[in-house]
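Asker:
Residue numbers (the numbering used here): 11 to 114.
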């Protein structure tokens with residue numbers, strides 16, 4: 011019975027929890043722990059989101075909106091998203107992921 015329980019729990023796909031934080035919180039976290047990489051995500055309707063991979067953390071941290079701290083901020087300009095992300099943390103790696111963008 012133990013083998014079945016272990017096998018079932020390893021096969022189960024848990025939805026990834028989105029962790030959002032405001033600019034000032036992310037900046038403090040980046041200064042304290044360090045950032046491995048920044049990812050700029052292209053989402054539908056020509057918008058972009060910013061996430062940070064913090065050292066020794068399993069999840070991605072997304073930049074939140076000012077009004078709703080549990081919602082990732084959507085930028086309409088890729089350059090602005092990159093500028094804000096680099097202002098929070100000077101990560102050695104910055105990735106632009108276009109896989110979530112709408113295909114023509």
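Every residue, glycine too, gets a C-beta built ideally from N, C-alpha and C.
(1) Is the distance from the Cβ of residue 50 to the Cβ of residue 107 below 8 angstroms?
(2) In terms of residue numbering, what span does the alpha helix (DSSP H) encompassing residue 80 cover?
(3) Which stretch, first to last residue, makes up the beta strand (DSSP E) that contains residue 90?
(4) By how many angstroms is the C-alpha of residue 72 removed from the C-alpha of residue 44?
(5) Span of the alpha helix (DSSP H) holding residue 109?
(6) For residue 60, count neighbouring C-beta atoms within 10 Å of its own C-beta (all shown protein chains included) and say buried if the count is 16 or more, exposed if not.
(7) So what does DSSP say about residue 63, is it helix, strand or coil?
(8) Pull up the distance between the alpha-carbon of residue 52 and that of residue 42, whole angstroms please.
(9) I need the boundaries of the beta strand (DSSP E) containing residue 101, first residue and last residue.
(10) What whole-angstrom Cβ distance do residue 95 and residue 48 have, given they're in contact under 8 angstroms?
(11) Using a Cβ-Cβ cutoff of less than 6 angstroms, which residues in the same chain neighbour residue 194 once the five nearest sequence positions on both sides are dropped?
Answerer: Working from what's here:
(1) Counting from one through the chain shown, the residue named residue 50 turns up at place 40. Counting from one through the chain shown, the residue named residue 107 turns up at place 97. Yes.
(2) On the chain shown, position 70 is the one that residue 80 refers to. Careful: residue 80 lies outside any alpha helix (DSSP H) and carries neither H nor E.
(3) Locating residue 90 in the chain shown gives position 80, counting from the first residue. Unbroken run through residue 90 is the alpha helix (DSSP H), 88-98; no beta strand (DSSP E).
(4) Your numbering for residue 44 matches position 34 in the chain shown. Your numbering for residue 72 matches position 62 in the chain shown. Distance between the alpha carbons of residue 44 and residue 72: 15 angstroms.
(5) Sequence index remark: in the chain shown, residue 109 carries index 99 (1-based). Taken as a continuous stretch (DSSP letters only), residue 109 belongs to no alpha helix (DSSP H), as it is neither H nor E.
(6) Against the chain shown, residue 60 aligns to sequence position 50. Buried is the call here.
(7) Your numbering for residue 63 matches position 53 in the chain shown. Here residue 63 sits in strand by DSSP.
(8) As a position in the chain shown, residue 52 is number 42, starting the count at 1. As a position in the chain shown, residue 42 is number 32, starting the count at 1. Roughly 28 angstroms separates the two Cα atoms.
(9) For the purposes of this step, residue 101 is taken as residue 91 along the chain shown, with counting starting at 1. No beta strand (DSSP E) holds residue 101; DSSP gives it neither H nor E.
(10) Counting from one through the chain shown, the residue named residue 95 turns up at place 85. Counting from one through the chain shown, the residue named residue 48 turns up at place 38. About 5 angstroms separates the two Cβ atoms, so the contact holds.
(11) Any answer about residue 194 is impossible in this case: the structure gives the chain only from 11 up to 114.
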